[in-house]
Amino acid sequence: MAWGQDIARSSRELQRDIRDLVTISLHLHDATLCILGGATAPRDRYLPKREAECLYLASMGFQGRETAKELHISEAAVRLYLTNARRHLAARNTTQAVARALVRGLMRRPTLTGLRDRKY
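Numbering of the sequence shown is given in this note's numbering, commencing with residue 139 and proceeding in unit increments.
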């Protein structure tokens, strides 16, 4: 039984490592494009305020419900903003969207009133 558990754990670790490598490679690709001057299309130069706020909070570990509470919007709105941010950035998931927004300088810490202090 231990052998089967080792294989399952190894598989999970491999999947996590692959996700990390993909994220890193996309980050490097975007950075290389910026350096070589072939950056991104003009539509990628702007991220609406709410999309950037939702991405920032997601990057800080906030779940949808927490983000909705902090921004005083519904969870459905949070999902919509994150979906739109992923579409704007041509990202497959929120992690990739955060990485691309950071590389492109589209996301920075928002000034949110009521944002509670959290240990990061």
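By construction, the Cβ of each residue, glycine as well, lies at the ideal position given by its N, Cα and C atoms.
Cβ-based neighbour list, Asn231, same chain, cut-off 8 angstroms, excluding 5 preceding and 5 following: Arg224
Contact set for Leu174: own chain, Cβ-Cβ below 6 angstroms, skip 5 residues either direction: none
contact_flag[the segment 148 to 159, the segment 208 to 216] where n(CB pairs < 8 angstroms) is 3 or more: no
Uninterrupted alpha helix (DSSP H) stretches inside the segment 176 to 236 (no shorter than 4 residues): 187 to 197, 202 to 209 and 213 to 226
Test item: CB-CB of Met245 and Ala239 under 7 angstroms: yes
Assumed close pair His226, Glu189 - CB separation to whole angstroms, cut-off 8 angstroms: 7 angstroms
Distance between Ala169 and Val241 (C-alpha atoms, nearest Å): 7 angstroms
Top-ranked residue by Cα proximity to Met198, from Ile162, Lys187, Thr233 and Thr161: Thr233
Leu244 (DSSP reduced to helix, strand or coil): coil
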